[in-house]
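First residue of the sequence shown: 5, per this note's numbering; consecutive thereafter. Ideal placement from N, C-alpha and C gives every residue a C-beta, glycine not left out. Accompanying notes for the structure given below.
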Amino acid sequence: MGDLNSYGQEDPIQVLREAGYVELGGGDYSYVFDGQWGSLDYAFASSTMAEQVTDSAHLHINADEPSVLDYNTNFKSASQIESLFAPDMYRTSDHDPVLIGLDLTAPAAPEFTDVSADPASPLYSEHAEAIAWMAAEGISTGWVTEDGTEFRPLAHAKRDALAAFLYRAAGEPDFDMPAQSPFVDVSSDPSSPHYTEHWEAITWMAVTGLSQGYETAAGVEYRPLSRVTRDAVASFLYRANGEPEFDMPTEGPFVDVSADPASSVFSEHAVAIAWMGETGLSTGWETPAGAEFRPVSPITRDAIAAFLFRLDGLR
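The following block contains the structure:
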């Protein structure tokens, strides 16, 4: 929004229109020069923002006013400067502003049709509260279907979705966007075979050090569509929480995870997994041998919801 210094049929304005932005207050003038009317001042909105616009128009308080009344003191005597000045909104500029009305009421959080807190329901999930929290916080929007919005709690989570969850849970913070994608298999270009709708969240993961990806001959890969394992989620959450210090137990909380490289159950993510256990973020599965974390198992979406919900409770 602002003085784009281009008339309506010039290239800069056409580029914005062709990119899908909606022109607000269009078809009117905002500037007058030698009796010729035109518009140099614009406001554009994305399609979703345009839906929240109640009205828009140029406010003709400047362009139609004679230049003798404007803010310039050129060619005016001291008495004219004093006598012609009025403390009002007129001729405060030589351009007219664009006035926009907005209704920014946040949309209601989706209610997932495939999740229930009722133990008698076939859609019951022990993590229903956490999943509802995900929706209320805007961390998950689910999938819109003919029958309603689904969360798909038992589906295995993919690495791109996890990046989006973590980015939204962090409040979608500003960060310095690199000139090139840090991952060779992630692109922001919709025409690229490596395009993903979660490219911004994945880039944030790299910039903040939450994900280092996988080194390959072609470069570093993120592998956005791969299933994410439980040990990787533990590390992502541990890093996202600032890798806090804690009392590392001599014997880990899970019998299938060890920090000892000589152990048959060694995991490079053992510290993060132990932190998950010590903080109560994960209770694992009780077995006759003891609690298991099952680090290399693919994680389900309901488990991610539970981890994020519990982590929010710790902060």
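(message) Taking DSSP's pairing of strands, which residues face F37 in a bridge?
(response) Stepping through the sequence shown from its first residue, residue 37 is reached at position 33. F37 has Q40 as its beta-bridge partners, per DSSP.
(message) Here's the rule I'm using: 16 or more other beta-carbon atoms within 10 Å means buried, otherwise exposed. How should L1 be labelled?
(response) No information on residue 1 is available, as it lies outside the stretch 5 to 319 that the chain covers here.
(request) Go ahead and label L285 buried or exposed: buried means 16 or more other beta carbons lie within 10 angstroms of its beta carbon, across all protein chains shown. (result) Within the sequence shown, numbered from 1, the residue matching residue 285 stands at position 281. L285 comes out buried.
(request) Taking only the alpha-carbon atoms, compute the straight-line gap between R113 and T145 and give it to the nearest angstrom. (result) Here residue 113 corresponds to residue number 109 of the sequence shown, with the count starting at 1. Here residue 145 corresponds to residue number 141 of the sequence shown, with the count starting at 1. The question names Arg, but residue 113 is Ala in the sequence shown. Looking at the two C-alpha atoms, the distance is approximately 8 Å.
(message) With a threshold of 7 Å on Cβ separation, who are the neighbours of D187 within its own chain once the five nearest residues in sequence on each side are excluded?
(response) Numbered from its first residue, the sequence shown carries residue 187 at position 183. Correcting the residue type first, residue 187 is Phe in the shown sequence and not Asp. So the list reads I206, A210, G217, V224, E225, Y226, once near-sequence residues are dropped.
(message) Does F250 come out as helix, strand or coil in the three-state DSSP assignment?
(response) The residue you call residue 250 lines up with position 246 of the sequence shown. The three-state reading of DSSP puts F250 in coil, since its state is none of H, G, I, E or B.
(request) Report all residues from its chain with a CB closer than 7 Å to the CB of R298; omit the five preceding and five following residues, and keep chain order. (result) One-based indexing of the sequence shown puts residue 298 at position 294. Counting only Cβ-Cβ distances below 7 Å, and skipping sequence neighbours, we find R234, D260, W289.
(request) Let me know if R21 comes out buried or exposed under the rule of 16 or more other beta-carbons within 10 Å of its beta-carbon. (result) In the sequence shown, counting from the first residue as 1, residue 21 sits at position 17. By the neighbour-count definition (other C-beta atoms within 10 Å, threshold 16), R21 is an exposed residue.
(message) Quick check: F258 and A295, are their CB atoms within less than 7 Å of each other?
(response) Your numbering for residue 258 matches position 254 in the sequence shown. Your numbering for residue 295 matches position 291 in the sequence shown. Cβ distance < 7 Å, so F258 and A295 count as in contact.
(message) Using the Cβ count rule (16 or more neighbours within 10 Å means buried), how would you classify G281?
(response) Looking up residue 281 in the sequence shown gives position 277. Buried is the call here.
(request) Can you give me the Cβ contacts of L229 inside the same chain, cut-off strictly under 7 Å, excluding the 5 residues immediately before and after it? (result) As a first step, residue 229 must be located in the sequence shown, where it is residue number 225. Excluding sequence neighbours, L229 sits near K162, D164.
(message) If the criterion is Cβ atoms closer than 7 Å, does the pair L63 and P101 meet it?
(response) Sequence index remark: in the sequence shown, residue 63 carries index 59 (1-based). Sequence index remark: in the sequence shown, residue 101 carries index 97 (1-based). For L63 and P101, yes; Cβs fall inside 7 Å.
(message) Assuming contact is defined by CB atoms lying nearer than 7 Å, are L127 and V119 in contact in what I supplied?
(response) Your numbering for residue 127 matches position 123 in the sequence shown. Your numbering for residue 119 matches position 115 in the sequence shown. Cβ distance < 7 Å, so L127 and V119 count as in contact.
(request) Would you kindly check if the distance between the Cβ of D45 and the Cβ of D7 is under 7 Å? (result) Here residue 7 corresponds to residue number 3 of the sequence shown, with the count starting at 1. Here residue 45 corresponds to residue number 41 of the sequence shown, with the count starting at 1. At a Cβ-Cβ threshold of 7 Å, D7 and D45 count as neighbours.
(request) Determine the DSSP secondary structure at G152, reduced to helix, strand or coil. (result) Within the sequence shown, residue 152 is the residue found at index 148, counting from 1. Correct three-state label for G152: strand.
(message) Do A278 and M252 count as a contact pair if the criterion is CB distance below 7 Å?
(response) Residue numbering aside, residue 252 sits at position 248 when the sequence shown is read from its first letter. Residue numbering aside, residue 278 sits at position 274 when the sequence shown is read from its first letter. A278 sits close to M252, with the two beta carbons spaced by under 7 Å.
(request) List in chain order: all unbroken beta strand (DSSP E) runs of 3+ residues lying wholly within the segment 51-106. (result) With a minimum length of 3 residues, the continuous beta strand (DSSP E) runs that stay inside the segment 51-106 are 57-62, 102-106.
(request) In angstroms with no decimal places, state the Cα-to-Cα distance between T52 and Y25. (result) Looking up residue 52 in the sequence shown gives position 48. Looking up residue 25 in the sequence shown gives position 21. Approximately 10 Å between the Cα atoms of the pair.
(request) Would you give the residue range spanned by the beta strand (DSSP E) that E290 belongs to? (result) Taking the sequence shown and counting its residues from 1, the one referred to as residue 290 is at position 286. Unbroken beta strand (DSSP E) run through E290: 289-291.
(message) Going by DSSP in three states, G217 sits in which element: helix, strand or coil?
(response) Along the sequence shown, read from residue 1 onward, the residue named residue 217 stands at position 213. If DSSP states are grouped into helix, strand and coil, G217 belongs with coil.
(request) Counting only the same chain and skipping the five closest in sequence on each side, list residues whose C-beta sits under 7 Å from that of A159. (result) Here residue 159 refers to the residue found at position 155 of the sequence shown. Contacts found: T304, R305.
(message) By DSSP's criteria, V224 is part of a beta bridge. Which residues make up the other side?
(response) Taking the first residue of the sequence shown as position 1, residue 224 is located at position 220. In the DSSP output, where bridge partners are listed per residue, V224 has E219.
(request) Taking R231 as the reference, give the member of E204, G246, E272, I308 with the closest Cα. (result) On the sequence shown, position 227 is the one that residue 231 refers to. If you compare the alpha carbons of E204, G246, E272, I308 with that of R231, the shortest gap goes to I308.
(request) Output the distance between the C-alpha atoms of Y11 and R314, rounded to the nearest integer angstrom. (result) As a first step, residue 11 must be located in the sequence shown, where it is residue number 7. As a first step, residue 314 must be located in the sequence shown, where it is residue number 310. If you take the alpha carbons of Y11 and R314, they lie about 54 Å apart.
(message) Can you list, in chain order, the residues of its chain with a C-beta nearer than 6 Å to that of Y242? Leave out the 5 residues immediately preceding and following it.
(response) Within the sequence shown, the letter at position 238 stands for residue 242. Around Y242, the same chain offers A276, W279 as residues with beta carbons nearer than 6 Å, after the five sequence neighbours per side are excluded.
(request) Return the first residue and the last residue of the beta strand (DSSP E) that V26 is part of. (result) For the purposes of this step, residue 26 is identified with residue 22 of the sequence shown, where counting begins at 1. For V26, the uninterrupted beta strand (DSSP E) run begins and ends at 26-28, by DSSP.
(request) Could you name the residues that DSSP lists as bridge partners for D45? (result) As a first step, residue 45 is located in the sequence shown; it is residue number 41 there, counting from the start. Answer is D7.
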